[in-house]
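> In this text, residue positions in the sequence shown follow UniProt numbering: the first is 1, and each later residue adds one. All C-beta atoms in this analysis are idealised placements derived from N, C-alpha and C, irrespective of residue type, glycine included. Computed from a predicted structure; not experimentally measured.
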Amino acid sequence: MAVDHTAVAHPNIALIKYWGKRDEKLVIPNADSLSMTLDVFPTVTTVRVSPDERADRVTLDGAAAEGEPRQRITAFLDLVRELAGRSEAATVDTRNAVPTGAGLASSASGFAALAVAAGAAYGLDLDPTALSRLARRGSASAARSVFGGFAICYASRGISADADLNAYAEPLSVPDFDPALVIAVVNAGPKPVSSRAAMRLTVETSPLYWPWVQASRTDLAAMRTALRRGDLDEVGEIAERNALGMHATMLAARPAVRYLSPATVAVLDSVLLLRADGVSAYATMDAGPNVKVLCHPADAPRVAETVRAAAPGSAVVTARRGPGAGLRTR
Ligand code: 2P0
Numbered sequence: 001m002a003v004d005h006t007a008v009a010h011p012n013i014a015l016i017k018y019w020g021k022r023d024e025k026l027v028i029p030n031a032d033s034l035s036m037t038l039d040v041f042p043t044v045t046t047v048r049v050s051p052d053e054r055a056d057r058v059t060l061d062g063a064a065a066e067g068e069p070r071q072r073i074t075a076f077l078d079l080v081r082e083l084a085g086r087s088e089a090a091t092v093d094t095r096n097a098v099p100t101g102a103g104l105a106s107s108a109s110g111f112a113a114l115a116v117a118a119g120a121a122y123g124l125d126l127d128p129t130a131l132s133r134l135a136r137r138g139s140a141s142a143a144r145s146v147f148g149g150f151a152i153c154y155a156s157r158g159i160s161a162d163a164d165l166n167a168y169a170e171p172l173s174v175p176d177f178d179p180a181l182v183i184a185v186v187n188a189g190p191k192p193v194s195s196r197a198a199m200r201l202t203v204e205t206s207p208l209y210w211p212w213v214q215a216s217r218t219d220l221a222a223m224r225t226a227l228r229r230g231d232l233d234e235v236g237e238i239a240e241r242n243a244l245g246m247h248a249t250m251l252a253a254r255p256a257v258r259y260l261s262p263a264t265v266a267v268l269d270s271v272l273l274l275r276a277d278g279v280s281a282y283a284t285m286d287a288g289p290n291v292k293v294l295c296h297p298a299d300a301p302r303v304a305e306t307v308r309a310a311a312p313g314s315a316v317v318t319a320r321r322g323p324g325a326g327l328r329t330r
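#1: Whole alpha helix (DSSP H) runs in the region 106 to 163 with 4 or more residues, listed along the chain?
#2: Per DSSP, what kind of secondary structure is H5 in: helix, strand or coil?
#3: May I ask you to report which of helix, strand or coil DSSP gives S195?
#4: Please find out if some non-hydrogen atom of the ligand 2P0 comes closer than 7 Å to the beta-carbon of A184.
#5: Could you give the residue range of the alpha helix (DSSP H) that holds E69?
#6: On the DSSP letters alone, give me the boundaries of the alpha helix (DSSP H) that D93 sits inside.
#7: If you scan the UniProt domain "Mvd1 C-terminal" (182 to 313) from start to end, which runs of the alpha helix (DSSP H) of 4 or more residues do you find wholly inside it?
#8: Just jot down, in chain order, the residues whose CB lies closer than 5 Å to any heavy atom of the ligand 2P0.
#9: Can you list, in chain order, the residues of its chain with a C-beta nearer than 8 Å to that of H296? Leave out the 5 residues immediately preceding and following it.
#10: Can you list, in chain order, the residues of its chain with a C-beta nearer than 7 Å to that of L208? Leave out the 5 residues immediately preceding and following it.
#11: Cα-Cα, which of S156, D269 and P128 is closest to D32?
#12: Could you check whether V203 and V267 sit closer than 8 Å to each other, using their CB atoms as the reference points?
#13: Return the residue from the list V182, E53, S194 and F150 that minimises the CA-CA distance to D176.
#14: Alpha carbon to alpha carbon, how far is S87 from V317?
#15: Find out if the Cβ-Cβ distance for the pair C153, A140 is shorter than 8 Å.
#16: Considering just the uninterrupted stretch of the beta strand (DSSP E) at R48, what are its terminal residues?
#17: For a test of the three-state rule: what should DSSP assign to L26, helix, strand or coil?
#18: Leaving aside the five residues before and after V195 along the sequence, list all residues of the same chain whose C-beta is less than 7 Å from its C-beta, in chain order.
#19: Between which residues of its own chain and K292 is the CB-CB distance below 6 Å, once the five residues before and five after are set aside?
#20: Terminal residues of the continuous beta strand (DSSP E) containing N12?
#21: Return helix, strand or coil for L172, following the three-state DSSP convention.
#22: Tell me whether L104 sits in a helix, a strand or coil according to DSSP, three-state version.
#23: Considering only the alpha carbon of each residue, which of L26, T6 and P42 lies closest to R321?
Pasting the structure below:
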């Protein structure tokens, strides 16, 4: 009898960003990245092996998936089947708690949940490193959502066959750091350019891209030290400059990719005012206009109120560090 395998995964927000691949087919980043997995906006994904079906059936947020989202999920299922030595079709139902493709890391939680659920459905027995490697093939940021709390994703330094093996995430123990992340959803609509297309264009055309990758390596080393110390101001400063630098690489692409909107800039201004007022608050943005503000949990209500006033109509959600991806047992 067909059995449902249901997995839950949460998005993660990178403090040191991943932007750009050195191998598009294997999804291997150009640089290491470091993130915090959240306790909000889960993806819940159920996979059932369906031997009687001729093709995969994929439902995304309640509707039949089409186009690129469907293609990426079926290509991922093909990879799982190849690893498992199986050929049956699957039925997949995946639901995101946030709008898909709005720069709120739905592909990170999505492919982490799919890796866990599809891996279980097809009988793969993967350790966390192998699971992270598998999730990476769906979306590189998904490699980090396999783990709870903080995670570091290694871009492979090896060549060819080693490259796949050496590109994976692992948890980073940060016992003395438990910040809040206030998320200002200034626009929940789909992004105008996919992150995949935008990063390709940036790598190929932006004169700022490689200098940023260089700077990112220095940022990562400094970030590890700051996290170990539990120093929110240091962590925040590094995260903010790394994110702004990433956006600068896109603004310098030809043609420019600009995800930041007037509401984004209004929130960034309000974060500067909070700092001028003595509040430790630091911003980071991903492939979209939404802003995530790192702060002490005790300051989160004030930060939330400030960013809501700066971008009226925004949904504001406060996140803390959340769990890694796993099967839901009933
Ligand atoms: C990150 N982002 O580190 C960066 C920062 C967005 C900006 O990872 O092509 O969906 O599927 O590997 O993981 C978004 O890109 O891209 C992302 P693919 P992904 O979180």
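To lay it out plainly:
#1: 106 to 121, 128 to 138 and 142 to 145
#2: strand
#3: helix
#4: no
#5: Per the sequence shown, the amino acid found at residue 69 is Pro instead of Glu. G67 to A84 is the span of the alpha helix (DSSP H), which, as asked, contains P69.
#6: First-last for D93: A89 to N96, but that is the beta strand (DSSP E), not the alpha helix (DSSP H).
#7: Segments of the alpha helix (DSSP H) lying fully in the UniProt domain "Mvd1 C-terminal" (182 to 313): 195 to 205, 209 to 229, 232 to 251, 262 to 276 and 300 to 310.
#8: A14, K17, Y18, S33, S107, S139, A140, S141, S195, R196, D286 and A287
#9: P179, A180, L232 and S280
#10: A248, T249 and A252
#11: Minimum Cα-Cα distance from D32 among the listed residues S156, D269 and P128 corresponds to S156.
#12: no
#13: Measuring from the Cα of D176, the nearest candidate turns out to be F150.
#14: 42 Å
#15: yes
#16: According to the DSSP assignment, R48 belongs to the beta strand (DSSP E) that extends over T43 to S50.
#17: coil
#18: The question names Val, yet the displayed sequence has Ser at residue 195. Excluding positions up to five away in sequence, the list reads A287.
#19: Correct list, in chain order: I13, L181, I183 and T284.
#20: N12 to I16
#21: L172: strand per DSSP, three-state reduction.
#22: coil
#23: P42
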